[in-house]
Structures are given as C-alpha cells and as structure tokens.
Amino acid sequence: MAHIALIGLPGSGKSTLGPLLGEALQAPFLDVDKVLEQSSGSTPRQWVEDLDWETFRSAESVVLASLHRNLEMSESLVLGCGGGIVEAAENRLILEKWQCVWLDAADEILVDRTCDSDRPDHPGISPRDVPRVLRAQREKWYRQLGGEAVDTSNLNPEEVLAIIMKRWGI
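Structure follows, in structure tokens:
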C-alpha cells in the first residue's frame, strides 16, 4: 500500500505525471484542486477571484484532511497537490505520512508551462517572477517532505516516471 503525494511549483508536472504514476502502480490518481472543484463547483481561479487566497488554501486543507482520513486504510493512491498546499503546517503534518515526490523545473520552463493556464493570479507579482517568489517561500517545505527534487525541465513524462520508479523503489 503506497500513498504518494506529488508536490512542487505550478507547472512542475504533477497533473501530467500523476495519472501515469497511478497507472504504473495500478492506483487511482486524485488531484486535490480537481476534487475541490468537483465538490464546490468552482475552479481554483474562481475561488481566489471570488474570495481570496486564504479561503482557497483553507478549502484545499479541508480536502487534503478528508482524503487522508478516508483513504488511510485503503489501497494505494497517487495524489496531485496544489503547489501551495505545503504552506500550511497542518498539511505538512499530513503529508509527512505520505511518500512525497517533489517535482521541479527551471523558472523559465515553469513560466512557459503555466502562461496559458487557468491558474489563479498572484497579485503584485509579475507572471515571470512567480516561480522565483514561490520557490523562495516554499522550497524548504518541498525539500523537507520530498527530499531531492526530480527536475522535469528537459524530460518527457515517461522519463520522469522512470526516475521516480527507480529512485523511490516503486
């Protein structure tokens, strides 16, 4: 039984790699943001625009806690986490019980991967600076939970999957 959480900055490859890893492990893949969207009817962008980042992060924490509680005794699961889920101490306590895989990429790659997405804006931060600013805030927690990052910058999803399977022995 493996509970694997994919963590990392927006654009690092969590949503792309999650289904592939789930398929390789014959385990379901869930994306925290998609679960929140299905239960609330609002996308992360709508949450942030209609309410604020703090309310969105609180809702994300509720989803993570619920998934953890309900799946603790289940079979394997691969979970794609929102990039900022590591900011809340209660989320880190939950994720410490999971096998976390930290995905990362060069800042310019992250910008390219996210420039046309429906992700929420970060007020006061230029889109080109978002990866640098978020990395400065979150890297310590990504490292604490996931150890050494898997750099997805110049790899296709299958190559990233092979690295994860080998490095984590799964």
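Here our numbering = 1-based position in the sequence shown + 2. Beta carbons: idealized from backbone N, C-alpha and C, even for Gly. What you are looking at is a predicted structure, and each value in this text was computed from that prediction instead of being measured.
Report yes if the CB atom of residue i is closer than 8 Å to the CB atom of residue j, and no otherwise.
i: Ala151; j: Ser78; result: no
i: Ile111; j: Leu23; result: no
i: Gly20; j: Gly82; result: yes
i: Leu105; j: Gly171; result: no
i: Asp35; j: Ala107; result: no
i: Ala26; j: Leu163; result: yes
i: Leu38; j: Glu62; result: yes
Across which residues does DSSP place residue i in a beta bridge pair?
i: Gln101; result: Ile6
i: Leu81; result: Ala7, Leu32
i: Val152; result: Leu105
Can you give the Cα-Cα distance for residue i and residue j, rounded to whole angstroms?
i: Arg115; j: Pro129; result: 12 Å
i: Pro12; j: Val80; result: 17 Å
i: Ala4; j: Glu51; result: 35 Å
i: Asn72; j: Ser42; result: 19 Å
i: Pro159; j: Asp54; result: 33 Å
i: Gly15; j: Ile87; result: 15 Å
i: Gln101; j: Tyr144; result: 12 Å
i: Ser17; j: Asp33; result: 7 Å
i: Gly149; j: Gly126; result: 30 Å
i: Leu157; j: Gln40; result: 31 Å
i: Trp49; j: Lys99; result: 28 Å
i: Ala91; j: Ser60; result: 12 Å
i: Ala138; j: Val64; result: 25 Å
i: Asp131; j: Lys142; result: 18 Å
i: Ser44; j: Cys117; result: 21 Å
i: Glu161; j: Arg169; result: 12 Å
If residue i and residue j are in contact, beta carbons under 8 Å, what's the gap, nearest whole angstrom?
i: Glu89; j: Arg140; result: 7 Å
i: Ala7; j: Leu97; result: 6 Å
i: Asn93; j: Leu66; result: 6 Å
i: Pro133; j: Val113; result: 6 Å
Compute every distance between the C-beta of residue i and the non-hydrogen atoms of the ligand MG, then say whether any falls below 7 Å.
i: Gly148; result: No copy of the ligand MG occurs in the structure displayed, which carries no ligand at all.
*Where in the segment 15–70 do unbroken runs of the alpha helix (DSSP H), each at least 4 residues long, occur, reported from the N-terminal end onward?*
16–27, 34–42, 46–52
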